[in-house]
Amino acid sequence: MPSFTSTLTGIGSSTNARRRTILGTPVYDANNDSFQSLSERIDKSTISDDPKSQNYLADMNLLQMNGDSSSSSASLNSNTNMPPTVDMPNEPLLDIPIAIRFDVDTYVPDYDIQEEYRNYIQRHGIRSFLNKYIPDNITKIEVCELILDLGYSRDNVRHHETHTTKELAGILVNLLLEDIKLRLPATKDGKRIYSISQFINDLRLLSNVLIITGAGISTSLGIPDFRSIQGLYNQLSHLHLNDPQLVFDINEFTKRPETFYSVAHLILPPEDKFSLLHAFIRMLQDKKQLLRNYTQNIDNLEYYAGIDPSKLIQCHGSFGTASCLTCRSRFAGPKIFNHIKQKQIPRCSSCWKNTQEAAISYGVIKPDITFFGEDLPKKFYKSIVNDSKKCDLVLVVGTSLKVEPVASIIDNIPRRIPRVLINKDPLPDRDFDLTLLGYSDAIASLICSKMGPEWSIPHHQFEQDLTSDFVPHERLPKTFIIED
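Take 1 as the starting number for the sequence shown in this note's numbering and just add one per residue.
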């Protein structure tokens, strides 16, 4: 028999390897004077993992703990919303006296383990997870650790000292059963099926939506995209550049700033305007469902839409501000808009105050746009790692995902997370679960009109009662278009 103290004192500081392989230690059963396995008290074979069953949750709730309810189970049900179909053991189990107190507030969940656990459940189901990760013997503290490592709120184990091990196990089971993000997706021929109705349902329920946006969400305001037939790059043939992207190359700008300023007026954003898709993102923010908007756009229209800076990553900078290349003084972006409209190079008056002659790049003011050859904002790298692990739905809107590192964001998000593309053109090589082809404003309007009045987008172009609908694409799987 292991030492109580030596076993328990190692739990709080357990390594990742220990959490993965030894999640439990023996639980003492005073009635049998022996250590009893939690897995012996949980009949895992009764759990159904069939997502096609209409009684999926009902089947999942058949998970039983042998015996009838003790008096403590009623208290558990009232405190944790335990489904009435989850029964508690017949004979009360007495836990080992706790040698140390588990500090709920200082425990740091392991995000790598959380991803491992959730990916496993998404692929194999809850029953298989319990068999694999719930060891033969487990303590109250380790059940608490497991609940927190799975990403659930600390409030679930806030009063762990008043619960027995079996009650904490019941809380864990209940959380798993009710976690919509762990539902196995329907499959056909081994391929994941994610329907429009599932997407709409997720929009209603999920609270950490990550949105990646590109130029396609601003074209309705007259701002061209970059790579389409009518896009900016196809309008630059008169510049005789080997590559039209040189317009946004920092070395080219330093040598010949006039190249950029000869065409910058074409992408100058309107002031005080934003598209219906911008308003949709703002609505998700107001509903507390927006985790982050990673935009590749430089038009700064998110500012006019009222998207909170804490919810916004402007991956490629924006016209919102501008800086002098020489003295690094910073200016409000609109201060150089008149120069841009007149195709003039704006220069810093402080730098040129006592200067008669200098290099062509001296005192040039550049919009705070991230040019090729410049690093992305530090905020991008600081946020993307945790956001990739925390998000529960990914929307990619109005972008062809050609520019790194933004193009690789979805590759670093766990595959169990649904990913939806809203775009004029399909991206078949990116393995989206659902693709909606068309203009982003029209698609957002149709989606929200199907969701009811509480999802009315606060924008003058939004129509609540649309007669159009989505129909499957003739050739592309998992792809829909709008039919009037």
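Ideal Cβ positions, reconstructed from N, Cα and C, are used throughout, including at glycine.
Judged by DSSP in its simplified three-state form, Gln314 adopts strand. By DSSP's assignment, Leu395 forms a beta bridge with Ile211, Val420. Judged by beta-carbon spacing, Ile121 lies within the 9 Å limit of Phe129, meaning their Cβ atoms are closer than that value.
A Cβ-Cβ contact shorter than 9 Å links Thr399 with Gln296.
Between the stretch 335 to 354 and the stretch 387 to 401, the count of Cβ pairs shorter than 8 Å is below three; the stretches do not touch. Between the alpha carbons of Tyr233 and Asp110 lies a distance of about 45 Å. For Gln464, the number of other beta carbons within 10 angstroms of its own is below 16, and it is reported as exposed.
Measuring C-alpha to C-alpha distances from Ser361 to each of Ile250, Asn156, Tyr152 identifies Ile250 as the nearest.
If you look at Val173, you'll find it in the alpha helix (DSSP H) that goes 165 to 178.
The stretch 262 to 270 and the stretch 373 to 389 do not touch, with fewer than 3 CB-CB distances between them shorter than 8 Å. Judged by DSSP in its simplified three-state form, Tyr107 adopts coil rather than helix or strand.
In this structure, the beta-carbon distance from Arg256 to Asp387 does not fall below 9 Å. Burial state of Ile180 is exposed, judged by a 10 Å Cβ sphere holding fewer than 16 other Cβ atoms. Counting C-beta pairs with one atom in each stretch, the stretch 262 to 282 and the stretch 322 to 341 have three or more that are closer than 8 Å, which means they touch. Within the same chain, and ignoring the five residues on either side of Leu277 in sequence, the residues whose Cβ sits closer than 6 Å to its Cβ are Ile217, Ser440, Asp441, Ala444. Judged by beta-carbon spacing, Leu210 lies within the 9 Å limit of Tyr294, meaning their Cβ atoms are closer than that value.
Residue environment: Met451 is assigned as exposed (fewer than 16 neighbouring CB atoms within 10 Å of its CB, all protein chains considered).
Collapsing the DSSP output to three states places Tyr294 in a strand. Bridge pairing for Ala322: Phe331, Pro367 [DSSP]. In this model, Ile298 and Phe102 are separated by some 48 Å (Cα to Cα). The three-state secondary structure of Asp469, taken from DSSP, is strand.
When the beta-carbon positions are compared, Val108 and Arg158 stay at least 9 Å from each other.
As the crow flies, the alpha-carbon of Ser318 is around 52 Å from that of Glu161. Ranked by Cα distance from Phe274, the first of Glu252, Lys287, Phe253, Ala305 is Ala305. In the displayed model, Phe480 falls within a strand according to three-state DSSP. In the same chain as Glu115, and ignoring 5 residues on each side of it, the C-beta atoms closer than 8 Å to its own belong to Lys389, Pro414, in chain order. Counting only runs that start and end inside the stretch 225 to 279, the alpha helix (DSSP H) elements of at least 4 residues fall at 250 to 255, 257 to 261.
Ala332 sits exposed, since fewer than 16 C-beta atoms from the chains shown fall within 10 Å of its C-beta. Beta bridge pairing from DSSP links Phe372 with Asp249. Between Arg282 and Pro458, the C-beta spacing is below 9 Å.
In the structure shown, Leu437 adopts extended strand secondary structure according to DSSP, grouped into three states. As the crow flies, the alpha-carbon of Ile193 is around 23 Å from that of Leu401. In this structure, the CA atom of Lys378 is about 25 Å from the CA atom of Gly363. By the neighbour-count definition (other C-beta atoms within 10 Å, threshold 16), Trp352 is an exposed residue. Rounded to whole angstroms, the separation of the alpha carbons of Leu203 and Lys166 is 35 Å.
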